[in-house]
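For what it's worth, my numbering labels the leading residue of the sequence shown as 157, then goes sequentially.
Where a beta carbon is used, it is the ideal one built from N, C-alpha and C, also for glycine.
Keep in mind the model is a prediction, meaning the values are calculated, not measured.
I have placed the structure first, in the form of structure tokens, so that the comments after it can refer back to it.
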Amino acid sequence: MSDQPSSLHGDVYHPVPEIARQANVPNPELYYKEASEDLEGYWDRRAKELEWYAPWTKVLDDSNKPFFKWFIDGKTNIVLNALDRHVKTWRRNKLALIWEGETGELRTFSYHALNREVTHFSGVLRSMGISKGDRVTIYLPRIPEAWIAMLACAKVGAVHSVVYGGFSVEALHGRIEDSGSRLIITADGGYMGGKIVELKNIVDEALTRTAHPENVIVVRRTGKPVNMEAGRDFWYHELMSLPLTRNASKVETEVMDAEDPLFILYTSGTTGKPKAIVHTHGGYQVGVYATLHDVFDLKEEDRWWCTADPGWITGHSYIVYGPLLNGATSFMYEGGPTYPFPDRWWSMIAKYGINIFYTTPTAIRGLMRFGEAWPNRHDLSTLRLLGSVGEPINPEAWRWFHKNVGKEKCPIMDTWWQTETGAFMITPMPAIPTKPGSATRPYPGVEMDIVDEKGVPVKTGEEGFLVIKKPWPAMMRTIYNDPERYVQTYWSKFPGMYLAGDSARRDEDGYYWIIGRVDDVIKVSGYRLGTAELESAFVSHHAVAETAVIGLPHELKGVAIHAYVILKAGHEPSEALIEELRHHIAHEMGPIAKPERIEFVKSLPKTRSGKIMRRVLKARALGISEGDISTLEE
Ligand code: WT7
157 MSDQPSSLHG DVYHPVPEIA RQANVPNPEL YYKEASEDLE GYWDRRAKEL EWYAPWTKVL
217 DDSNKPFFKW FIDGKTNIVL NALDRHVKTW RRNKLALIWE GETGELRTFS YHALNREVTH
277 FSGVLRSMGI SKGDRVTIYL PRIPEAWIAM LACAKVGAVH SVVYGGFSVE ALHGRIEDSG
337 SRLIITADGG YMGGKIVELK NIVDEALTRT AHPENVIVVR RTGKPVNMEA GRDFWYHELM
397 SLPLTRNASK VETEVMDAED PLFILYTSGT TGKPKAIVHT HGGYQVGVYA TLHDVFDLKE
457 EDRWWCTADP GWITGHSYIV YGPLLNGATS FMYEGGPTYP FPDRWWSMIA KYGINIFYTT
517 PTAIRGLMRF GEAWPNRHDL STLRLLGSVG EPINPEAWRW FHKNVGKEKC PIMDTWWQTE
577 TGAFMITPMP AIPTKPGSAT RPYPGVEMDI VDEKGVPVKT GEEGFLVIKK PWPAMMRTIY
637 NDPERYVQTY WSKFPGMYLA GDSARRDEDG YYWIIGRVDD VIKVSGYRLG TAELESAFVS
697 HHAVAETAVI GLPHELKGVA IHAYVILKAG HEPSEALIEE LRHHIAHEMG PIAKPERIEF
757 VKSLPKTRSG KIMRRVLKAR ALGISEGDIS TLEE
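Below you can see the structure in the form of structure tokens.
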């Protein structure tokens with residue numbers, strides 16, 4: 157475009173003129189300017205693009221920092237704009253969801269059909285006594301019922317807590333217990349990479365450890381026999397066919413306050429058990445709607461595919477809610493990317509004519525390994541935009557993706573954000589020049605900085621802590637049941653600034669380059685895991701006395717888990733024990749948490765106050781300087 161700055165430094169990919177000119181945001185500079193001059197005015201304008209039951213009287217209330225509130229007195233429900241608004245228009249006949257199972261089956265839902273299923277299931281939830289504020293745990297494979305369950309919870313005002321189907325017994329138990337869920341929605345199983353994940357069995361085992369949920373609803377997916385406890389467990393399809401719920405097509409969407417919680421989602425932090433991040437009906441809705449609209453440029457005729465799982469924030473914001481808020485057509489695939497062959501994804505892009513494709517660096521690196529013949533044998537010419545999320549994308553993977561998938565004509569939107577931020581924070585737009593490996597610039601209204609240990613902004617090119625200096629609508633509101641931890645974790649290191657937990661650099665063009673986590677969060681293949689949760693899974697094994705877990709660089713996974721284990725007296729190191737421990741971690745936490753390497757040690761480096769110095773373990777493993785070890789007791 158003619159008004160692009162031509163003086164950008166480094167390896168720059170300029171916008172594709174045909175795409176940029178017709179983009180939803182053809183001139184991003186106007187948005188940046190508008191939002192930086194009048195943050196509240198900007199979000200007021202964007203919120204008015206959606207429908208509300210009652211308007212807000214004030215955009216932002218920052219009188220009780222860091223407990224910010226957005227769209228004060230506004231009345232809404234995310235379902236009002238995700239479904240209700242569309243079924244009143246021609247969009248009732250538009251596809252909301254196209255789904256392909258790993259085993260090849262196809263299911264499609266128009267907005268009308270999705271709304272009908274959601275409404276019926278809302279009736280089921282009501283008939284089971286679920287109402288405003290109740291927590292419901294959703295533990296499902298990547299199937300349409302995950303959408304229906306989430307949306308039905310939202311419709312009746314219940315707070316969903318989705319647990320990723322790749323998590324296992326102890327991870328699930330902890331999340332059920334902490335949320336105090338009254339109901340669990342699960343399936344007999346799901347298909348992943350040619351195998352069946354037996355979700356209901358995992359639920360049964362988790363429920364032996366807690367008294368909480370009263371009921372379990374089970375979706376039939378695999379048809380394999382499962383244990384159904386009379387009075388507690390119910391089949392989804394049976395409940396959905398009861399006359400009671402058939403008559404429930406009149407269930408009205410619950411009117412919610414903008415600040416009422418929509419969901420909680422557990423994520424790992426530095427210490428202790430996972431935190432339940434709270435998101436709202438109002439601000440989250442506006443943020444997710446606007447970012448997806450602007451960044452991925454959804455057009456009425458587009459088909460969008462985000463390859464994440466609904467169990468992570470990416471799935472909440474950009475598989476389920478964001479596309480529906482934009483009235484878009486989404487594609488979702490149940491299974492693994494290489495099943496039965498490494499071109500499964502490319503074949504579905506061609507088969508369904510996908511226009512916008514959003515995935516992760518780890519998936520790209522994994523598929524790159526099989527060579528470009530796999531994407532090249534499919535017609536990928538419908539693609540217009542590509543996206544990346546979850547971890548820094550290495551420039552080799554960026555270029556491979558750009559060349560072999562995007563055929564050098566699709567800009568790549570590398571989006572930096574977090575469970576806590578709810579929506580994109582650092583991201584290009586189609587009319588912004590990109591640089592491989594940089595997420596480019598903060599989204600309009602997002603004021604970020606990079607600061608040193610004292611909170612002072614660092615110089616251009618220097619590494620520091622990534623912080624956010626102004627509130628944004630989709631921001632987390634608190635940690636469920638633990639507001640003090642919210643203040644402590646995010647707002648106490650640098651007063652007045654949100655601490656993201658990442659280190660980053662900014663270049664001479666103001667572009668951000670994320671380096672990685674500075675805390676004890678490990679991003680294995682882009683999945684966020686905490687050392688504390690992993691270590692507690694280790695010590696729940698009878699042979700383990702103590703353990704320390706660190707993340708070390710890995711070619712495909714980005715970061716892989718390495719564990720140092722001290723055995724209890726009477727247990728000897730052996731290959732068999734290593735296998736047993738890996739199996740134990742997979743059973744308790746899930747397959748994604750399986751350690752790369754387990755090493756038996758006699759002691760662990762600790763501070764004199766007894767804190768494990770993971771930094772020292774990491775430095776030793778990498779053969780680099782251990783840094784300041786004056787506090788080390790050994
Ligand atoms: C952490 C948050 C899956 C949705 C976002 C992940 C890392 C995320 C990028 C990116 C470099 C990234 C950061 C962040 N991260 N996106 N584009 N470039 N790093 O949500 O699971 O809460 O993880 O993911 O380290 O802090 P999450």
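Among the options, which has the Cα closest to the Cα of residue i?
| i | options | result |
| --- | --- | --- |
| GLU564 | ASP570, TRP554, THR571 and TRP572 | TRP554 |
| ASP450 | MET569, SER648, LEU239 and LYS221 | MET569 |
| ASP389 | PHE621, TYR198, GLU370 and LYS455 | GLU370 |
| ALA203 | ARG247, TYR267 and ALA446 | ALA446 |
| ALA699 | GLY336, ARG521, ALA732 and ARG298 | ALA732 |
| GLY425 | PRO729, LEU690, GLU782 and ASP290 | LEU690 |
| ASN220 | ARG684, ILE254, TRP647 and GLY682 | TRP647 |
| TYR514 | TYR495, LYS507, ASP453 and TRP530 | ASP453 |
| SER324 | ILE748, ALA701 and ASP663 | ILE748 |
| ILE671 | GLY714, PHE694, ALA630 and ALA693 | GLY714 |
| PRO211 | ASP217, LYS231 and HIS435 | LYS231 |
| ASN180 | ALA725, ILE722 and ASN482 | ASN482 |
| ARG282 | THR366, GLU354, THR409 and LEU251 | THR409 |
| LEU262 | GLU552, LEU536, MET504 and GLU528 | MET504 |
| LYS625 | GLY652, PHE224 and GLU782 | GLY652 |
| LYS250 | ASP676, TYR267 and GLU256 | TYR267 |
| ARG525 | THR494, ALA656, ILE549 and VAL292 | THR494 |
| PRO171 | LYS649, THR590, GLU640 and HIS739 | THR590 |
| GLY620 | TYR642, SER659 and LEU307 | SER659 |
| HIS718 | ILE286, PRO551 and ASP676 | ASP676 |
| GLY593 | PRO551, ILE582 and VAL623 | PRO551 |
| ASP217 | ASP458, TRP628, GLU640 and VAL375 | TRP628 |
Cβ of residue i within 7 angstroms of any heavy atom in the ligand WT7?
| i | result |
| --- | --- |
| ALA656 | yes |
| SER317 | no |
| ILE469 | yes |
| ARG272 | no |
| THR264 | no |
| PRO479 | no |
| ALA595 | yes |
| GLU547 | yes |
| THR575 | yes |
| GLY672 | yes |
| LYS679 | yes |
| ARG684 | yes |
| TRP572 | yes |
| THR787 | no |
| THR447 | no |
| THR423 | yes |
| SER337 | no |
| SER659 | no |
| SER765 | no |
| SER544 | yes |
Since residue i and residue j are thought to touch, with beta carbons under 8 angstroms apart, how far apart are those beta carbons, to the nearest angstrom?
| i | j | result |
| --- | --- | --- |
| ILE520 | PHE487 | The Cβ separation is near 18 angstroms, so there is no contact. |
| GLY491 | TYR320 | About 15 angstroms; that fails the 8 angstroms criterion. |
| PHE557 | LEU542 | 6 angstroms |
| ILE420 | VAL315 | 6 angstroms |
| CYS462 | TYR477 | 11 angstroms between Cβ atoms; not a contact. |
| ARG597 | ILE606 | About 13 angstroms separates the two Cβ atoms, so there is no contact after all. |
| GLY578 | HIS435 | 5 angstroms |
| THR616 | ALA252 | So it is not a contact: roughly 45 angstroms between Cβ atoms. |
| LEU274 | ILE304 | In the sequence as presented, Leu is not what sits at residue 274; that position holds Val. Rounded, the Cβ-Cβ distance is 5 angstroms, consistent with contact. |
| GLU547 | GLY682 | 5 angstroms |
| ARG154 | ILE754 | Coverage of the chain is limited to positions 157 through 790, which leaves residue 154 absent and any answer about it impossible. |
Examine the ligand ADP and report whether any of its heavy atoms sits within less than 7 angstroms of the Cβ of residue i.
| i | result |
| --- | --- |
| THR426 | For the ligand ADP, the structure offers nothing, since it holds only the ligand WT7. |
Are the C-beta of residue i and some C-beta of chain D separated by less than 8 angstroms?
| i | result |
| --- | --- |
| THR366 | Included in the structure is just one protein chain, with no chain D present. |
Review point. Taking one C-beta from the region 355–363 and one from the region 323–333 each time, how about it: are there three or more such pairs within less than 8 angstroms?
Key: Using a Cβ-Cβ distance cut-off of 8 angstroms, the region 355–363 and the region 323–333 are in contact, since at least three pairs of beta carbons, one from each stretch, lie closer than that value.
Point to revise | Three or more C-beta pairs below 8 angstroms linking the region 336–352 and the region 407–417 | key: At 8 angstroms Cβ cutoff, the stretches do not touch.
Practice item. Kindly confirm or deny that the region 771–782 and the region 697–714 touch, where touching means at least three C-beta pairs closer than 8 angstroms. Key: The answer is yes - the region 697–714 touches the region 771–782, with three or more Cβ pairs under 8 angstroms.
Check your understanding: Are there three or more Cβ pairs, one per stretch, closer than 8 angstroms when the region 204–215 is compared with the region 230–248?
Key -> These segments touch.
Exercise for review: Specify whether the region 465–481 and the region 184–201 touch according to this definition: at least 3 beta carbon pairs, one from each stretch, less than 8 angstroms apart.
Suggested key: Short answer: they don't touch.
Check your understanding: Does the region 244–251 come close enough to the region 291–306 that 3 or more CB-CB pairs lie under 8 angstroms?
Key -> Counting Cβ pairs under 8 angstroms, fewer than three are found: no touch.
Review point. Between the region 186–200 and the region 385–399, are three or more C-beta pairs nearer than 8 angstroms?
Key: Counting Cβ pairs under 8 angstroms, fewer than three are found: no touch.
Point to revise | Any beta strand (DSSP E) of 3 or more consecutive residues that is wholly inside the region 494–565 | key: List check, beta strand (DSSP E) in window: 512–515 and 541–545.
Point to revise | Runs of beta strand (DSSP E) lying entirely within the region 623–668, each at least 3 residues, in chain order | key: Runs found: 654–662.
Exercise for review: Note down, one range per segment and in chain order, each beta strand (DSSP E) of at least 3 residues found wholly within the region 663–702.
Suggested key: Entirely contained in the region 663–702, the beta strand (DSSP E) runs reaching 3 residues are, in chain order, 668–673, 677–680 and 683–686.
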